[in-house]
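*Asks:* Listed in order, the protein sequences are those of chains A and B. Going left to right, the first sequence walks through residues 1 to 283 as the working numbering numbers them. Going left to right, the second sequence walks through residues 1001 to 1283 as the working numbering numbers them. In this text, a Cβ means the ideal position worked out from N, Cα and C, and glycines have one as well. Nothing here was measured: the structure is a model prediction, and the numbers come from that model.
Number of protein chains: 2
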Amino acid sequence: MSFPADLSAASLAVAGRLARALDALPESRVKAGMAHGLHGGKGLRGYLVLESCALHGIARDVALNAAAAIEAMHAYSLVHDDLPAMDDDDLRRGRPTVHVAFDEATAILAGDALQSLAFQLCAETGHAGLTAALARAAGAEGMVLGQALDIAAETAAAPLTLEQIVQLQQGKTGALFGWSCLTGPILAGADPAPLAAYAMALGLAFQIADDILDTEGDAATAGKRLQKDAAAGKATFVSLLGLEPARERARELISQAGEALAPYGSRADSLREAARFVISRDK
Amino acid sequence: MSFPADLSAASLAVAGRLARALDALPESRVKAGMAHGLHGGKGLRGYLVLESCALHGIARDVALNAAAAIEAMHAYSLVHDDLPAMDDDDLRRGRPTVHVAFDEATAILAGDALQSLAFQLCAETGHAGLTAALARAAGAEGMVLGQALDIAAETAAAPLTLEQIVQLQQGKTGALFGWSCLTGPILAGADPAPLAAYAMALGLAFQIADDILDTEGDAATAGKRLQKDAAAGKATFVSLLGLEPARERARELISQAGEALAPYGSRADSLREAARFVISRDK
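1. For B/Leu-1213 and B/Leu-1226, what's the separation of their Cα atoms in angstroms?
2. Is the distance from the Cβ of B/Leu-1130 to the Cβ of B/Thr-1097 below 9 Å?
3. Could you tell me which whole alpha helix (DSSP H) segments of length 4 or greater appear in the segment 1118–1161 of chain B?
4. Shorter than 9 Å from the beta carbon of A/Leu-261 to some beta carbon of chain D?
5. Can you tell me where the alpha helix (DSSP H) with A/Glu-252 in it begins and where it stops?
6. Going straight from the alpha carbon of B/Leu-1134 to that of B/Gly-1233, what length do you get?
7. Give me the Cα-Cα distance between A/Leu-109 and A/Ile-279, rounded to the nearest whole angstrom.
8. Which same chain residues end up closer than 6 Å to B/Ala-1063 when comparing Cβ atoms and leaving out the 5 residues on each side of it in sequence?
9. Entirely within the segment 1025–1063 of chain B and at least 4 residues each: give me those alpha helix (DSSP H) ranges in chain order.
10. Taking CB distances under 9 Å as the criterion, tell me whether B/Lys-1031 reaches chain A.
11. Whole angstroms is fine: what's the gap from B/Trp-1179's alpha carbon to B/Ala-1137's?
12. What residue ranges within the segment 1188–1226 of chain B form continuous alpha helix (DSSP H) runs of no fewer than 4 residues, ordered along the chain?
13. For B/Pro-1263, which residues from the same chain have a beta carbon less than 7 Å from its beta carbon, with the 5 sequence-adjacent residues on both sides left out?
14. Would you verify that the beta carbon of A/Asp-282 is, or is not, closer than 9 Å to some beta carbon of chain B?
15. What in chain B is Cβ-close to A/Gly-139, meaning under 7 Å?
16. Helix, strand or coil: which one does DSSP assign to A/Leu-78?
17. B/Thr-1155 touches chain A at which residues, Cβ-Cβ below 9 Å?
18. Which residues in chain A sit within 7 Å of B/Gly-1126, going by Cβ to Cβ distance?
19. Please state the DSSP three-state secondary structure of B/Leu-1083.
20. Bridge partners of B/Leu-1091, per DSSP?
21. Answer yes or no: do A/Thr-173 and A/Asp-210 have a C-beta to C-beta separation smaller than 9 Å?
22. Using Cβ-Cβ distances below 8 Å, what residues of the segment 1009–1038 of chain B are close to chain A?
23. Of the choices A/Ser-28, A/Gln-167, A/Met-34 and A/Arg-45, whose alpha-carbon is the least far from that of A/Phe-277?
24. For chain B, is any of its Cβ atoms less than 9 Å away from the one on A/Val-98?
25. Could you work out which residues of chain B lie near A/Arg-136, taking near to mean beta carbons separated by less than 7 Å?
26. Below 7 Å on C-beta distance, what does B/Ile-1151 contact in chain A?
27. Could you list which residues in chain A have their beta carbon closer than 7 Å to that of B/Thr-1131, in chain order?
28. Suppose contacts are defined by Cβ-Cβ distances below 9 Å. Is A/Ile-254 in contact with A/Ala-201 by that definition?
29. Measure the beta-carbon distance from B/Leu-1114 to B/Gly-1037 and round it to whole angstroms, keeping in mind my assumption that it falls under 8 Å.
30. What separation, rounded to the nearest whole angstrom, lies between the Cα atoms of A/Gln-120 and A/Glu-244?
31. For the alpha helix (DSSP H) that contains B/Pro-1263, what are its first and last residues?
32. With a cut-off of 9 Å, does the C-beta of A/His-74 fall near any C-beta of chain B?
33. Say whether chain B places a C-beta atom closer than 9 Å to the C-beta of A/Ile-186.
34. Give me, in chain order, the residues of the same chain whose beta-carbon lies closer than 6 Å to that of B/Ala-1199; leave out the 5 immediate sequence neighbours on both sides.
35. Would you identify the three-state DSSP class for B/Asp-1023, choosing helix, strand or coil?
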């Protein structure tokens, strides 16, 4: 199968696991907000979990719990990032954001409950260590820290340096990418180093691609507002490096990511394809 | 020791565990917001965890992780409940709320990171089942559902019935009380029934006492705004039952809570004292 077909198949399986988790919840406006927030992502993080687990012989139902957990975590982060007091976005994944489609209180609560659901699904793998690792990746030393640095950058006196942007992105997107790629080694008790190196390069390439998309992408295709960083005068990989050098840097990172997987040989080819997809996507 | 002294000692030990967890986080505005949100609670939920664990011979460091987890979870729920889009409160535990002392984005992120921290601490008990139970108690079938029902009640055409208020409170405060009381049996693999019955009665008595406090308490002592429910025209146990019958109902519940602990004999006397404290407190 081609990578887009693989990604669609994985995304469908993860969506099925999430639907089953939502079905178990009592009907409420918050549950409807959670479903809205979960709808329509690419499913890339869940795909990385499934591939990492497959490389380490982890049972499919355990891997699906972990994959559903990271997609719920990612969805919560978007619902809260889009709030008026945060990035104040009205469009996400081609639809109104949760606080626009519902209201602000529902968006806060739906995000909160999606985070709880993420930990429930992760704990249902039966692996407490994997759950503690997810908590560190999501919290104030990981994703939340990155988001806080991003918000602080909007009112900072001087634009961020390249080093500061790398640090910000390692929290904001790198932490969840890192956890996703490490699920297999953590669950199997295997050496995490090759997949940690892969994830580090992949996360950075993903963010450079995001900055390129923000500069020259099409909002209708991307399903979200673009050119927001330039309008806010925020430094990005593109504003600091220039468009072509940023593209070149992303290509180098993808090449490094692929090389990091050498110990897995050709069994990791789908992860190498995933890396190439990350810098060629249009949404 | 008297119960207030026991509670203070437990609260101090739990605060120590939380301080150690915060120390491990990089400095940030979000971390400062988390510390602000954690400051100054009674520590009742953490106390219940420590007592439940002590009754079942759980190691002290494991019990402290679970106790710190529930206090972080409770703190997150207050930080988010106080937000302008939610209850819009400016005073909590005798100090400005997090979004007043910092800003709204920091309060959203600090609450988010406190929830992550709660799951990290819980997972560090090494018990994935306890962590999954905490997630269910916190999420859209527990605390978040109760909070959503509470917000919906503010704009409902008719005041809630007694049955609806009981359902709301079982989510809003009952779910975390329930988990706290069940930590010992869950970690020890023991029968949860006696402590589940205790927790159910205790949670309801706690909320009736809260409604009485809201009616006739002193804001300076309570450390938060009072008479908010009456001003909003919201039905409470006091408005539906009357002040004296509500007091009588709370006393009956405390008596039931004590009787539920019969299998533990006098070893559960401190939990019986905790129940009496819950309906006599002034904050």
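*Replies:* Let me lay it out:
1. 8 Å
2. no
3. 1128–1138 and 1143–1154
4. Checking the listed chains, one finds no chain D in this structure; the protein chains it contains are A and B.
5. 243–260
6. 33 Å
7. 33 Å
8. Leu-1050 and Cys-1053
9. 1029–1038 and 1044–1055
10. yes
11. 7 Å
12. 1193–1216 and 1219–1222
13. Pro-1194
14. no
15. Ala-1113, Ser-1116, Leu-1117 and Gln-1120
16. helix
17. Within 9 Å Cβ-Cβ: nothing; B/Thr-1155 doesn't reach chain A, min ~10 Å.
18. Ala-128
19. coil
20. B/Pro-1096
21. yes
22. Ala-1024, Leu-1025, Pro-1026, Ser-1028, Arg-1029, Val-1030, Lys-1031 and Met-1034
23. A/Arg-45
24. no
25. Gln-1120
26. Ala-105
27. Phe-119, Ala-123, Ala-128 and Thr-131
28. yes
29. 6 Å
30. 43 Å
31. That residue, B/Pro-1263, is in no alpha helix (DSSP H); it is neither H nor E in DSSP.
32. no
33. no
34. Phe-1177, Gly-1178 and Cys-1181
35. helix
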